[in-house]
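If you read the sequence shown in this note's numbering, its first letter stands for residue 2, the second for the next number, and so on.
Structure record follows, encoded as structure tokens.
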Amino acid sequence: MRCSSQLEVSSLLFFFSFVVLPLLLCPASTQVRADEEGFISILVSDEGLDFAKDLLVHRAVHSIIPLQLPQIERYVKIPLVGRVHVVLSNISIDGVEIDSSYVKTGEGGIVLIASGATANLSMNWQYSYSTWLVPIPISDEGSAFVQVKDMEVGLTLDLKDLGGTLKLSVQECGCYVEAISIKIDGGSSWLYQGVVGAFQGKIVSAVEEAIPQKITEEILKLDALLQDLPNKIPVGDVASLNVTFVSDPVLSSSSIDFEVNGLFTAEDQIFASKYPHRPQTTSVTCSGANEMIKISLHENVLYSASLVYFNADYMHWLVDKIPDQALLNTAGWKYIVPQLYKLYPNDDMDLIISVTAPPLVKITKQGIGATIYTDVIINVLDTGEVIPVACISLVINASGSAHILRNNLAGSIRVEHLSAF
């Protein structure tokens, strides 16, 4: 390919926006693989834990309702009546309201407490008895409503890394009921007293056993969902983001810290790291005003992106359409480079922009910096023939920063220095 110096370096300013922006806005991806190191750190603060707790409590309540309890039956001795067979069936918890809840973390795990809760139960009752005065069995049936008061539910969870995925398990789960009230629909006062005296403890025990059992079942379902989460997230057709966990979450008194591999890999293969590992943690952190979640990215995450797309030959662009299309015609350069117009009058032009090496990314306290090496080839399209007329090498030094804007991750980019050769 023939390159000439007929175009002045100053002419690059017309094409600057078409060179710099595509490079700096190129999606991050890389083919580097870390050996059990996390290059993305996710810190869930106490505000984030409290938000997650509210979601978990909401999910737990909706998963419990309705909750069917086992049938209860027994013989009750009623004064002046004798031995009465009473059966409580179709016992169902139809509603639960949580007065307050809190979550705390530590070496013992994640502890979730819901207190001051009430639960509404519905059931059917049936009794039968006979006496020596009335040898024919006497029976009746109806419904009853029970309100469980001042209930407290406690749950302790363990969260571990299991081969790159999170393993969620229940260490402890318990339920305590302070008191209940029973309202009988139908029957007589003697029956009400008999049910309250004989079945209060049975109903309380059934509630205290059923709720922890149901919660444990739901945690097992949640754990199964965690196990099914993918260990990589495709980014287009070229790269994937490695989202495997590399260590157990670190639980402090006010936060949980997750370490994720976080590097980009090529879809077809994984290349070994081509950059020296830096022992110090150079990273950029994004956090919102409430700081519910903090995300820290090591610069190797960004470099891995550039490496993947560079190796995939994606850092090449053909520019043949721009807002001011006249600039892609030699007539637009008539007074800038007269010789070009004289050789190729009124011919269309295009640009071929190629990154010649993986962009270098550095993260400092001031923000994100990048150095991009690029070649720009200017072609003239003359009677169907593509003629290279200039080849210019650029070194672009740019910087940027990331921040949270409402619910989005945003950032800014500026060019610090541009050199042309």
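Built from N, CA and C at the ideal position, the CB exists for glycine as well.
Taken atom to atom, the span from the alpha-carbon of residue 334 to that of residue 297 is near 47 Å. Unbroken beta strand (DSSP E) stretches of 3 residues or longer found wholly inside the segment 303-349: 317-320, given in chain order. Apart from sequence neighbours up to five positions away, the residues of its chain that approach residue 176 with a beta-carbon distance below 6 Å are 154, 209, 212, 213, ordered along the chain. Among the bridge pairs identified by DSSP, residue 89 is matched with 73, 126. In this structure residue 265 does not touch residue 327 by the C-beta definition: roughly 39 Å separates them, more than the 8 Å allowed.
In this structure, residue 44 lies near residue 294, with their beta-carbon atoms less than 8 Å apart. Contact between the segment 105-120 and the segment 249-256 is present: 3 or more CB-CB pairs across the two stretches fall below 8 Å.
From the listed residues 186, 216, 179, the smallest Cα separation to residue 201 is found for 179. Burial state of residue 385 is exposed, judged by a 10 Å Cβ sphere holding fewer than 16 other Cβ atoms.
Between residue 162 and residue 246, the C-beta spacing is below 8 Å.
For residue 62, the uninterrupted alpha helix (DSSP H) run begins and ends at 47-65, by DSSP.
The DSSP assignment places complete beta strand (DSSP E) segments of no fewer than 3 residues inside the segment 170-241 at 233-236, in order along the chain. Secondary-structure assignment with DSSP links residue 149 through a beta bridge to 120, 181. A distance below 8 Å separates the beta carbons of residue 186 and residue 144. Between residue 66 and residue 118, the alpha-carbon positions lie close to 14 Å from each other. Taken through DSSP and simplified to helix, strand or coil, residue 292 comes out as coil. The shortest CA-to-CA distance from residue 98 to any of 387, 63, 90 is the one to 63.
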